[in-house]
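Just so we're on the same page, the numbering used here is the position in the sequence shown counted from 1, plus 1171.
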Amino acid sequence: MLQQAMSSTHVFFYKLSGGRIGGRIHKADVLLLTTTGRKTGKKRTTPLLYVRDGNRLVIIASNGGRPIDPSWWMNLKRNPIAMVQVKSLKETIYAQRAIGSEKERLWRLMTNVYPAYDNYLKKTDRDIPVVVLMPKTA
C-alpha cells in the first residue's frame, strides 16, 4: 500500500514537472511506463529506472526481487504496445523481452547505474526479465 502511494506521488510530480522532479533516483534516470491493465483495461503508469541502448530504452522487471513478476510486465506480456514518458517526451513503444547474450549485456548496463539489481537477483528464484522498449513505427 505504501509503495503504491509513493509510486502515485512520484508519477504525479514527474508528469507535473516534465520529469524535472522524479526524473532521477539513485543516480539513475527514470521514465514513466503506461500499460493497459490486462484485467481491467485501465491505463496504469509506473515509474521505472532505465538506460538507453541506441534508440531503445531498457528496463528490468525485478519487482524488488519478489517471487512474482511486476504487474506492468504481466500487462506488457498481454499487450506489448504501451506509452513511455522520458522527461517531457511521450512516445508509443513496443516492448520485447531480451534473451541470451543480449539480456546479459543489457543486465550489465542496468547494474552499472543501479547495482542493487544484482541483489534482487539473489533474493529470488524467478528469472528476472530484461525488457527492451522500442519506438513503435506505424
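C-beta atoms are modelled at their ideal positions from N, C-alpha and C, and glycine is treated no differently.
Quantities reported herein were computed from a predicted structural model and do not represent experimental measurements.
Look at residue i and residue j and say whether their C-beta atoms are less than 8 Å apart.
{"i": "Leu1220", "j": "Gln1256", "result": "no"}
{"i": "Tyr1182", "j": "Pro1241", "result": "The sequence shown places Val at residue 1182, rather than the Tyr named in the question. No, the Cβ-Cβ distance between Val1182 and Pro1241 is not below 8 Å."}
{"i": "Pro1238", "j": "Arg1268", "result": "no"}
{"i": "Arg1209", "j": "Arg1249", "result": "yes"}
{"i": "Pro1251", "j": "Ala1266", "result": "yes"}
Nearest to residue i by CA position, among the options, is which residue?
{"i": "Arg1276", "options": "Val1303, Ala1287, Ile1264, Pro1251", "result": "Val1303"}
{"i": "Asn1234", "options": "Gly1194, Gly1189, Ala1287", "result": "Ala1287"}
{"i": "Val1284", "options": "Thr1217, Asn1290, Lys1198, Lys1274", "result": "Lys1198"}
{"i": "Met1147", "options": "Asn1226, Gly1189, Ala1232", "result": "In the structure as shown, the chain begins at 1172 and stops at 1309. Residue 1147 is therefore absent and cannot be evaluated."}
{"i": "Gly1189", "options": "Val1229, Thr1263, Ser1259", "result": "Ser1259"}
{"i": "Ile1264", "options": "Lys1274, Leu1247, Glu1273", "result": "Leu1247"}
{"i": "Lys1274", "options": "Val1229, Leu1187, Thr1180", "result": "Val1229"}
{"i": "Val1201", "options": "Ser1272, Arg1223, Thr1211", "result": "Arg1223"}
Looking only at its chain, what residues have a beta carbon closer than 8 Å to the beta carbon of residue i, apart from the 5 residues adjacent to it on each side?
{"i": "Lys1293", "result": "Gly1236"}
{"i": "Arg1261", "result": "It should be pointed out that residue 1261 corresponds to Lys in this sequence rather than to Arg. Met1254, Val1255."}
{"i": "Met1245", "result": "Arg1209"}
{"i": "Thr1295", "result": "Gly1236, Arg1237, Pro1238"}
{"i": "Trp1243", "result": "Leu1204, Thr1206, Arg1215, Thr1217, Leu1219, Ala1232"}
{"i": "Met1177", "result": "none"}
Apart from the five residues just before and just after residue i, which ones in its own chain have a Cβ nearer than 7 Å to its Cβ?
{"i": "Lys1214", "result": "Thr1205, Thr1207"}
{"i": "Lys1307", "result": "Ile1252, Thr1263, Ile1264, Tyr1265"}
{"i": "Gly1194", "result": "Tyr1185, Asp1200, Val1201, Lys1258"}
Can you list, in chain order, the residues of its chain whose CB lies under 6 Å from that of residue i, leaving out five sequence neighbours each side?
{"i": "Asp1289", "result": "Thr1282"}
{"i": "Thr1216", "result": "Val1182, Leu1203, Thr1205"}
Hey, residue i and residue j are a contact pair by Cβ (cut 8 Å); roughly how many whole angstroms apart?
{"i": "Tyr1185", "j": "Ile1196", "result": "Between Ile1196 and Tyr1185 the Cβ distance is about 11 Å, and since that is not below 8 Å, they are no contact."}
(request) Identify every run of the alpha helix (DSSP H) within the stretch 1173 to 1243, keeping only runs that are complete inside it and at least 4 residues long; order them along the chain. (result) Fully enclosed alpha helix (DSSP H) runs of 4 or longer: 1173 to 1188.
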